[in-house]
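In what follows, a single structure is set out as structure tokens and then discussed.
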Amino acid sequence: MEKYTLSVLVENNPGVLSRVVGLFSRRGFNIHSLSVGTTQDPHVSRITIEVIGDASTVEQVSKQLSKIMEVIKLKTLRDSEIVKRGLALVKIKVSPKTRGEVIEITTVFRANIVDISSNTLTVEITGHDRKIGAFIDMVEPYGIEEIACTGMTALERGTNTLRLDK
Numbered sequence: 001m002e003k004y005t006l007s008v009l010v011e012n013n014p015g016v017l018s019r020v021v022g023l024f025s026r027r028g029f030n031i032h033s034l035s036v037g038t039t040q041d042p043h044v045s046r047i048t049i050e051v052i053g054d055a056s057t058v059e060q061v062s063k064q065l066s067k068i069m070e071v072i073k074l075k076t077l078r079d080s081e082i083v084k085r086g087l088a089l090v091k092i093k094v095s096p097k098t099r100g101e102v103i104e105i106t107t108v109f110r111a112n113i114v115d116i117s118s119n120t121l122t123v124e125i126t127g128h129d130r131k132i133g134a135f136i137d138m139v140e141p142y143g144i145e146e147i148a149c150t151g152m153t154a155l156e157r158g159t160n161t162l163r164l165d166k
């Protein structure tokens, strides 16, 4: 099983996301990560979907997605050809003794401390899912109070684009 990233341009209409997600659930496919936002054109949204499966599963999902009326364009992206980022907010337990260690780990990962209390640090970290996972692994021994993660979002590198034809 491999992770695939699908980039889908859709009309920015009510219910489109529900139809896209519904397609996955009806077919029994699990969405690993999901990110949605408007593009430079406010009438068009980009949905970035990560799925875990095999090539035939992804091909089947792509064909089904293409049948949704509001889908404008769809492309399966390869990890080597994309810039992919996510965001996580991680609330970490700290004591006066461990606060410096957690701050040091945060600095190494180029993350930002966005909230401090006497017993916790809340850290914002952005990057590839492997970077976020490595950070979480490093701070887990201190105790994690809460985690909130966005889905991954991605764009193709260089001049390759998934955009509307003018």
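Using the working numbering, you'd call the opening residue of the sequence shown number 1 and step up by one each time. No residue lacks a Cβ here, since even glycine has one placed at the ideal position from N, Cα and C.
- About 4 Å separates the beta carbons of residue 153 and residue 35, which is inside the 8 Å limit, making them a contact pair.
- At least 9 Å separates the beta-carbon of residue 112 from that of residue 70.
- Taking 9 Å as the cut-off, the beta carbon of residue 74 is found closer than this to the beta carbon of residue 7.
- Scanning the region 72-140 for uninterrupted beta strand (DSSP E) segments of 3 residues or longer gives 82-93, 112-116 and 120-127, listed from N- to C-terminal end.
- A straight line joining the alpha-carbon of residue 102 with that of residue 110 spans about 12 Å.
- By the neighbour-count criterion, in which 16 or more other beta carbons inside 10 Å mark a residue as buried, residue 148 falls on the exposed side.
- Burial of residue 46 is indicated by the presence of at least 16 other C-beta atoms within 10 angstroms of its C-beta.
- At least 9 Å separates the beta-carbon of residue 92 from that of residue 65.
- Beta-bridge annotation (DSSP): residue 34 is paired with 49.
- It is roughly 44 Å from the alpha-carbon of residue 141 to the alpha-carbon of residue 42.
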